[in-house]
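*Asks:* Sharing a structure here in structure tokens format.
Protein chains: 4
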Amino acid sequence: MARLSTESSMPHSADARRSTLERYQSVRRATLALVEGLSAEDAQVQSMPDASPTKWHLAHTAWFFETFLLAPHLTGYRPFDPAFTYLFNSYYEAVGPRHARPNRGLVTRPSLDQVIAYRAHVDEAMAALLAGSDLAELEPLITLGLNHEQQHQELILMDIKHAFFCNPLEPTYRACARAPGVVTAPNWTAFDGGLHEIGHDGAGFAFDNEGPRHKVWLEPFALADRLVTAGEYAEFIVDRGYQRPELWLSDGYAAVQNHSWDAPLYWRHEEGGWTVFTLSGRRPIDPTEPVCHLSFYEADAYARWAGARLPTEAEWEHAAATSGSVGAFVEDGRYHPAPATPRSGLRQMRGDVWEWTASAYLPYPGFRPVVGAVGEYNGKFMSGQMVLRGGACVTPADHVRISYRNFFPPEARWAFSGLRLARDA
Amino acid sequence: MARLSTESSMPHSADARRSTLERYQSVRRATLALVEGLSAEDAQVQSMPDASPTKWHLAHTAWFFETFLLAPHLTGYRPFDPAFTYLFNSYYEAVGPRHARPNRGLVTRPSLDQVIAYRAHVDEAMAALLAGSDLAELEPLITLGLNHEQQHQELILMDIKHAFFCNPLEPTYRACARAPGVVTAPNWTAFDGGLHEIGHDGAGFAFDNEGPRHKVWLEPFALADRLVTAGEYAEFIVDRGYQRPELWLSDGYAAVQNHSWDAPLYWRHEEGGWTVFTLSGRRPIDPTEPVCHLSFYEADAYARWAGARLPTEAEWEHAAATSGSVGAFVEDGRYHPAPATPRSGLRQMRGDVWEWTASAYLPYPGFRPVVGAVGEYNGKFMSGQMVLRGGACVTPADHVRISYRNFFPPEARWAFSGLRLARDA
Amino acid sequence: MARLSTESSMPHSADARRSTLERYQSVRRATLALVEGLSAEDAQVQSMPDASPTKWHLAHTAWFFETFLLAPHLTGYRPFDPAFTYLFNSYYEAVGPRHARPNRGLVTRPSLDQVIAYRAHVDEAMAALLAGSDLAELEPLITLGLNHEQQHQELILMDIKHAFFCNPLEPTYRACARAPGVVTAPNWTAFDGGLHEIGHDGAGFAFDNEGPRHKVWLEPFALADRLVTAGEYAEFIVDRGYQRPELWLSDGYAAVQNHSWDAPLYWRHEEGGWTVFTLSGRRPIDPTEPVCHLSFYEADAYARWAGARLPTEAEWEHAAATSGSVGAFVEDGRYHPAPATPRSGLRQMRGDVWEWTASAYLPYPGFRPVVGAVGEYNGKFMSGQMVLRGGACVTPADHVRISYRNFFPPEARWAFSGLRLARDA
Amino acid sequence: MARLSTESSMPHSADARRSTLERYQSVRRATLALVEGLSAEDAQVQSMPDASPTKWHLAHTAWFFETFLLAPHLTGYRPFDPAFTYLFNSYYEAVGPRHARPNRGLVTRPSLDQVIAYRAHVDEAMAALLAGSDLAELEPLITLGLNHEQQHQELILMDIKHAFFCNPLEPTYRACARAPGVVTAPNWTAFDGGLHEIGHDGAGFAFDNEGPRHKVWLEPFALADRLVTAGEYAEFIVDRGYQRPELWLSDGYAAVQNHSWDAPLYWRHEEGGWTVFTLSGRRPIDPTEPVCHLSFYEADAYARWAGARLPTEAEWEHAAATSGSVGAFVEDGRYHPAPATPRSGLRQMRGDVWEWTASAYLPYPGFRPVVGAVGEYNGKFMSGQMVLRGGACVTPADHVRISYRNFFPPEARWAFSGLRLARDA
């Protein structure tokens, strides 16, 4: 289970236990904070098979700790409700059968209150576990569980946004700060080719799919120093981008026609121009903000229209690793938008929108999933998806890494996904 | 609007106004009483496109009074929320566009509390309307609205039963009294052929589809004096009824194969035998109770297996009208099960399960829908459906009539539907 | 097997045998004549699951004689190919499993030549059977087989028309005579109400579904003395008939939207106006010809738009039986169009287009299918379909009867189906 | 159009013209030879949307020469039939609209004879073009057209096999020689890691997707020296490989369940064991032959079960390029199976079955499609597909190259696709 190890030599002092507990509680509290302002009804609905109810996310993340930490490791642990093993398993075949995904929205009982009680029950037991166990053994799994929970924090926001969008009243979730846009023309930042390394280097937590660190050969390339904006994307629409098959992958153009796509998800053309539905309600697009909620196909077509291409994930990671703009976030571990005009380097590399890459989501050379049920985490999804990099405004700030590999099917649009242009040098 | 008229010569005395208001309030209260014990989450979900959320039923029945009574007839009426016109229209094209039916379960806002407040707002305005209007003019529409509401009372129970069934935990709605079964063998009650009349005769309220009263020629026939029981239906299953195409209509056997039907909806085979999911939870079937939750195809195949057939709706209505067993209900207008052993005549003719007939749901000779949007009530559904007669245990007792024509597509099974055998004399 | 009996007292003289053989050969030759001008490729294709390849029709009609006449009744008969029992069974469950209907178009072997050889093999054996058997016993089944074959003659033309229409080149089948249209305004012919009889009266062949003859009560009604024309239907289109939901059954309007219907099948709007694809190729519509290739929904909506309704099948049959215009066909038993201007009575009652009625296809009182596999002929399709009456230009002239009940699902449009208006008197 | 260039300095001598014409005629004749033994009906059918009729392949390959060579380059060329431009365009958006792919099987006219005449017409015009044109300019396009035609030669065999399989009679196409199997255990051949080059090197023809030649970094790896056999795959089945989700990608296991896969396509379990449908009919599997007609998912699951993995396309190409076994084919340019027991190195690297790789079908670094409509050849399909390498017994022998990239969606099974195991060194 080497991939999950953080620092196995960490001393099991009271300080270490306290620190782990605080970290645990902090992440768990952040999840609950997302539910503030949501009613039990809001937390109930599932707007499409790809999405899940908020309540399900709350329960499933507790289920993870119950199943992989408490049940095997806390002597005398009594499950909150044995039926939850079945109800709140997402896709772990090794754990047993599970409730069909498209029916998650039909589970009105347990209620939201009961699910919150379930979380409290798990939290209490986790505190007991942390007080009395061999921390070195459990730390990697706890860290995995917390990172898993952070992924669901983002999914909660993606899914509730989509659910609210399906309501003709388009209710507002809450006022959200918006990252400032950019008004300057993009600059091309060049990178040398050569033999580079990408992938997680072993320091700190990473998912199994981020390693092993390995060599890649890159040809010289350049990246735009900022994201494509909503205003630029609107030009693509005006230029009949959605009507010109030569700009699209064949599957992409079929998707355009099947779904009658003519703009990003959440955009709507009204009298005064394009508006966009956000977690804070519908408002006019801001031409300087990054375009968001694109499918891979749209990102790819836009890049072709612009005479450019999408970066590969190796190019993106190498550029991010050698560019000064990303470091700030690592230092303080909290979210804040990238400076609108950094002194140098690439901008908007994290915390804005996920950036589609030209890379299929495949195992790195030498990849091996961890043994056991938690090994079903990443590897088995390595087909039919494309990699996104960088993190979005809805991603917990300390959850993003340079080596982080997000992935979605090329048709998916409900993630906070945009693009940055690349080209051969 | 002659079809809706009850007694236009009714005096508009204070007594008449009070009586109408009491009737209104009684029906409206009965709807709310069904929601007791349901959480906001329970009231939110829609388990399939055919079903609707409880909350939607609550709102739509208020919408009916707002749209057809208050908006056109109460001076100065202010709608509770103008958006509700769109949200809670079911299928009235003439009223304007409406929210897509399969997405009713996604409307988390308005909340259940707001919908209950909407009902109170409408009730208050209706009281004002009843105090100051020409009752003779409005009475027919009010009566229609109350009968409409009673239909939705039954739908609430049908739909919540299905929703709870879709939850793997199969929660209980509430303890429901169960009509006693029958243990005696069925007797055949014979009826003479000849020229008879069926259809509503104009006294009291009826839906437009129940008239005009008209002549029909019947050949001599006989009806079983009781419903087919669960125990009898279990014999059909044991006799491989679901595996023998010669017993089925072609479409019916296709439905058996497409849906992998091997028993009525809600039945499950467990170690100790068949169990059935009910509003009071799952329990073993009672062999003496009427079999319920059959599609038309299953009812038809069972009848063929039993060497009999389904009655036509004309046969059923003529038999009901000339049999002593039904009258009791007309006299006191309230629900109580048929006596387990009546002195004579047909038993279980109402208030047990709806009885599939052999008749397609078509207009009676001379049928004309009422003019205007309320005319979309029945006529436009006259294709692709079969008629059921008699009323079920979930039907409000004063809502059933001898001339009442219920209808569902032949594949539908979530209504409380069973059968009675018929044969040529 | 009483329903199939024609005249069991027929003397089995050599003349009778010769007459039966000639009748057999005449019908069989007529089938082959339809294939003239079709290539093996034309005869191969199946344009939709509802349709069948011409080759399949040729083989299936031979299969009928082989299965129901030769195998059980001709001593020493050797099947042409045992595999054909499986390949060319249409839907007779009692005969055994069968090839899936939507895959009929994939059976390239046997070839068309082999299927024609199969027919010759069956014809030769039938001649032997007719020479040496008890004609009284077999005559009903032979007659059934020949009527079955005539039904497939019409299906061949329906199906090849649809197949050619699916070819962008829209090839021509052959020059077909066209029935003259009518230019005079329709007159309403009134009929008295009362107790009438409909259904086959037992003289001559009829399908089981045409009986028993039985009493029906009719209210006074009137029928238009001619069919609705293409020109009249074009006015309905101009009047936005396809865009007005109040004219449609609910299922019908859903079909309009699902299939984007805006005109009858085979119509296309071109610069010069509406054109229609026919077996003789595409040509402008003739405003005086009967409108054809309507679904039931369209016929029903047109009638509502015209302030009228569709006739019931009982009304149609009673009118046809008491009107002078139909008799001519019975006397000479051969096809010719109705006179453009008969002296009196109803026109275009047969041999023009099938007329949708307002009646669902259900069993007549006392109906019982014949015993055995041939009993699967009609009864098991008695759900979800509507009755059409009268016969079309592609129906063999001696195949139509006043009591004949054709039936199709309400969405079907590839039959030669139009309408005649009716109204209450 | 650099990618298509072969040798632009080729002298335009009469010899060169003759040589090109002979090459052209040889490939075109090979296509027609595949049709021998097929009836017009066989050539008509399309068994699934992914497949095409033989007749369509014959016409489309002629259409290619007509559209890209004759129409633009042969003065005075008269198209055989202008409608063919629409009918036989496969997917070239730039050429204009085209007939919908799933309806190719409905085009009975033009007939097979007419399509063969179309080919002759094109061949004659091509001979004229070759006699009088600037060969240097046209040679690349002609070569592309011939390689295109060879691809369709393989598709004809894939598609007719599937069509015959859909016929319950499972007819035989023709007796086909079968490559000898292998009975020895597989050996692992090791390859050094390091910086290698793959991709077409510019000598001789290659498709645009095979270049540019570029550097890749490989870790040390090993390949099995032979393909996985049918006997080995049968052990996977016996070991419940299709019932164990932990062996499968998530999408793969969903495909297993959706399609009820339990063996390779064309396999059937009969009393005596597994049989397989081939172009020569159904026969028992030979345990020593390569397993064939696997989806990518099955190949991937098998490899996981075997404790190995699939090779990447870079590993495969590097191994093929440095292994002695492949060269023989390049020298004589004609098909013959790999020697059953080569002196050394890898066996069965071409001409047996296509080998699924672990690589998604994506553009190589620096890839750019050729300009114009022929540029739609490969690039626009670069999503959702996996690469296969090596060529199959149905691939023209001189069509396979070490750099050749075949590709299919991961669910596809009707290609002649199997696998070779790889592992990290």
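Protein chains in written order, with the numbering used here: chain A, 1 to 425; chain B, 426 to 850; chain C, 851 to 1275; chain D, 1276 to 1700.
No residue lacks a Cβ here, since even glycine has one placed at the ideal position from N, Cα and C.
None of the values given here were measured: they were computed from a predicted structure.
Given this structure, state the Cα-to-Cα distance separating residue 797(B) from residue 519(B), to the nearest angstrom.
*Replies:* As a first step, residue 797(B) is located in the second sequence; it is residue number 372 there, counting from the start. As a first step, residue 519(B) is located in the second sequence; it is residue number 94 there, counting from the start. Spanning the two alpha carbons is a distance of roughly 8 angstroms.
*Asks:* Against residue 1017(C), what residues of chain D qualify as contacts under a CB-to-CB distance less than 8 angstroms, listed in chain order?
*Replies:* Locating residue 1017(C) in the third sequence gives position 167, where the first residue counts as 1. Neighbours of residue 1017(C) on chain D, chain order: 1381, 1382, 1383, 1384.
*Asks:* To the nearest angstrom, report how far apart residue 1498(D) and residue 1628(D) are at their CA atoms.
*Replies:* If you number the fourth sequence from 1, residue 1498(D) lands on position 223. If you number the fourth sequence from 1, residue 1628(D) lands on position 353. Taking the straight line from one Cα to the other gives about 16 angstroms.
*Asks:* Kindly indicate if chain D contains any beta-carbon less than 8 angstroms away from that of residue 895(C).
*Replies:* Mapped onto the third sequence, residue 895(C) falls at position 45. It does: the Cβ of residue 895(C) has a partner Cβ on chain D nearer than 8 angstroms.
*Asks:* Once the 5 residues before and after residue 153(A) are set aside, which same chain residues still bring their CB inside 7 angstroms of it?
*Replies:* Numbered from its first residue, the first sequence carries residue 153(A) at position 153. Contacts found: 30, 31, 34, 396.
*Asks:* Within the same chain, show all residues whose beta-carbon is closer than 6 angstroms to that of residue 1142(C), passing over the 5 residues directly before and after it, in chain order.
*Replies:* Counting from 1 along the third sequence, the entry for residue 1142(C) is found at position 292. For residue 1142(C), where only same-chain residues beyond five positions count, the Cβ hits under 6 angstroms are 1203, 1266, 1268.
*Asks:* In its own chain, which residues sit with a C-beta less than 6 angstroms from the C-beta of residue 413(A), not counting the 5 before and 5 after it?
*Replies:* As a working mapping, residue 413(A) is identified with position 413 in the first sequence. So the list reads 265, 293, 295, once near-sequence residues are dropped.
*Asks:* Spell out whether any CB of chain A is found under 8 angstroms from the CB atom of residue 1549(D).
*Replies:* In the fourth sequence, residue 1549(D) corresponds to position 274, counting from 1. No, no contact with chain A.
*Asks:* With 16 other CB atoms within 10 Å as the buried threshold, where does residue 1366(D) fall?
*Replies:* Sequence index remark: in the fourth sequence, residue 1366(D) carries index 91 (1-based). That one is exposed.
*Asks:* Against chain D, which members of the stretch 370-385 of chain A pass a CB distance test of less than 7 angstroms?
*Replies:* For the stretch 370-385 of chain A, which is checked against every Cβ of chain D, the residues closer than 7 angstroms are 380, 381, 382, 383, 384.
*Asks:* Kindly say whether residue 520(B), judged by its beta-carbon, lies nearer than 8 angstroms to any beta-carbon of chain C.
*Replies:* Reading the second sequence from its first residue, position 95 is the one you call residue 520(B). Chain C, which has no Cβ nearer than 8 angstroms to the Cβ of residue 520(B), makes this no.
*Asks:* Along chain C, in chain order, which residues have C-beta atoms closer than 9 angstroms to that of residue 1438(D)?
*Replies:* Position 163 of the fourth sequence, counting from 1, holds the residue named residue 1438(D). Near residue 1438(D) (Cβ distances below 9 angstroms), the residues of chain C are 956, 958.
*Asks:* Excluding five sequence neighbours on each side, which residues of the same chain lie with their C-beta closer than 7 angstroms to the C-beta of residue 536(B)?
*Replies:* Within the second sequence, the letter at position 111 stands for residue 536(B). Here the set comprises 465.
*Asks:* Using the Cβ count rule (16 or more neighbours within 10 Å means buried), how would you classify residue 740(B)?
*Replies:* Here residue 740(B) refers to the residue found at position 315 when the second sequence is read from its first residue. With 16 or more other Cβ atoms within 10 Å, it is buried.
*Asks:* Using a beta-carbon distance cut-off of less than 7 angstroms, what residues from the stretch 1301-1328 of chain D approach chain C?
*Replies:* Going along the stretch 1301-1328 of chain D in chain order, one finds 1314, 1315, 1316, 1317, 1319, 1320, 1322 with a Cβ nearer than 7 angstroms to chain C.
*Asks:* Is the CB-CB distance between residue 1478(D) and residue 1561(D) below 8 angstroms?
*Replies:* Reading the fourth sequence from its first residue, position 203 is the one you call residue 1478(D). Reading the fourth sequence from its first residue, position 286 is the one you call residue 1561(D). Not a contact, by the Cβ cut-off of 8 angstroms.
*Asks:* Where do the ends of the alpha helix (DSSP H) carrying residue 424(A) lie?
*Replies:* What you label residue 424(A) is simply residue 424 of the first sequence in a count that begins at 1. Per DSSP, residue 424(A) belongs to no alpha helix (DSSP H); it is in the beta strand (DSSP E), 422-424.
*Asks:* Suppose the cutoff is 8 angstroms on Cβ atoms and the five residues either side in sequence are ignored; what does the same chain contact list for residue 442(B) look like?
*Replies:* As a working note, residue 442(B) is residue 17 in the second sequence. Contacts found: 555, 556, 560.
*Asks:* Which same chain residues, not among the five before or five after residue 674(B), have their C-beta less than 7 angstroms away from its C-beta?
*Replies:* Here residue 674(B) refers to the residue found at position 249 when the second sequence is read from its first residue. Once the five neighbours on either side are set aside, the close Cβ partners of residue 674(B) are 722, 725.
*Asks:* Any beta carbon of chain B sitting closer than 8 angstroms to that of residue 209(A)?
*Replies:* In the first sequence, the residue the question calls residue 209(A) occupies position 209. No, residue 209(A) does not count as interfacial toward chain B.
*Asks:* Quick one: is residue 538(B) buried, meaning 16 or more other Cβ sit within 10 Å of its Cβ, or exposed?
*Replies:* On the second sequence, residue 538(B) is found 113 positions in, with the first residue counted as 1. Exposed.
*Asks:* Reducing DSSP to helix, strand and coil, say where residue 670(B) ends up.
*Replies:* Counting from 1 along the second sequence, the entry for residue 670(B) is found at position 245. Residue 670(B) falls in the helix class under three-state DSSP.
*Asks:* Give a yes or no on whether the minimum CB-CB distance between residue 686(B) and chain C is below 8 angstroms.
*Replies:* Indexing the second sequence from 1 puts residue 686(B) at position 261. Chain C, which has no Cβ nearer than 8 angstroms to the Cβ of residue 686(B), makes this no.
*Asks:* Is there a Cβ of chain A sitting closer than 8 angstroms to that of residue 1366(D), yes or no?
*Replies:* The residue given as residue 1366(D) occupies position 91 in the fourth sequence. Residue 1366(D) counts as touching chain A.
*Asks:* Kindly indicate the opening and closing residues of the beta strand (DSSP E) around residue 620(B).
*Replies:* For the purposes of this step, residue 620(B) is identified with residue 195 of the second sequence, where counting begins at 1. Residue 620(B) -> beta strand (DSSP E) spans 619-623.
*Asks:* Going by alpha carbons, who is nearest to residue 878(C) out of 988(C), 973(C), 1090(C)?
*Replies:* The sequence position of residue 878(C) within the third sequence is 28, counting from 1. For residue 878(C), the nearest C-alpha among the options comes from 973(C).
*Asks:* Considering only residues of the same chain and omitting the five flanking positions on each side of residue 1587(D), which have a CB-CB separation below 7 angstroms?
*Replies:* Numbered from 1 along the fourth sequence, position 312 holds the residue referred to as residue 1587(D). Cβ neighbours of residue 1587(D) beyond the five flanking positions: 1632, 1633, 1634.
*Asks:* Would you say the stretch 1507-1515 of chain D touches the stretch 206-225 of chain A, given that touching needs at least three Cβ pairs under 8 angstroms?
*Replies:* At 8 angstroms Cβ cutoff, the stretches do not touch.
*Asks:* Bridge partners of residue 388(A), per DSSP?
*Replies:* By 1-based counting over the first sequence, the position of residue 388(A) is 388. Beta-bridge pairing links residue 388(A) to 356(A), 406(A).
*Asks:* Can you name, in chain order, every residue of its own chain whose Cβ lies under 7 angstroms from the Cβ of residue 1159(C), other than the five neighbours on each side?
*Replies:* What you label residue 1159(C) is simply residue 309 of the third sequence in a count that begins at 1. Counting only Cβ-Cβ distances below 7 angstroms, and skipping sequence neighbours, we find 1153, 1208, 1272, 1273.
*Asks:* Grouping DSSP H, G and I as helix and E and B as strand, with all else coil, what is residue 1536(D)?
*Replies:* The residue you call residue 1536(D) lines up with position 261 of the fourth sequence. Three-state DSSP puts residue 1536(D) in coil, outside helix and strand.
*Asks:* Would you list, in chain order, the members of the stretch 215-230 of chain A that have their beta-carbon closer than 7 angstroms to a beta-carbon of chain E?
*Replies:* The structure shown contains no chain E; the protein chains it does contain are A, B, C and D.
*Asks:* So the alpha helix (DSSP H) residue 27(A) belongs to, where does it begin and stop?
*Replies:* As a position in the first sequence, residue 27(A) is number 27, starting the count at 1. Residue 27(A) -> alpha helix (DSSP H) spans 14-35.
*Asks:* Could you name each continuous beta strand (DSSP E) segment of 3 residues or more that falls completely within the stretch 204-252 of chain A, going from the start of the chain to the end?
*Replies:* Fully enclosed beta strand (DSSP E) runs of 3 or longer: 214-218, 221-224.
*Asks:* Could you check whether the stretch 1040-1048 of chain C touches the stretch 1011-1025 of chain C, counting it as contact only if at least three pairs of C-beta atoms, one from each stretch, sit closer than 8 angstroms?
*Replies:* Because the criterion of three Cβ pairs below 8 angstroms is not met, the stretch 1040-1048 of chain C and the stretch 1011-1025 of chain C do not touch.
*Asks:* Mind reading off the beta-carbon distance from residue 1101(C) to residue 1260(C)? Whole number of angstroms is fine, and I expect it under 8 angstroms.
*Replies:* Here the question's residue 1101(C) lines up with position 251 in the third sequence. Here the question's residue 1260(C) lines up with position 410 in the third sequence. Contact flag correct, Cβ pair sits at about 7 angstroms.
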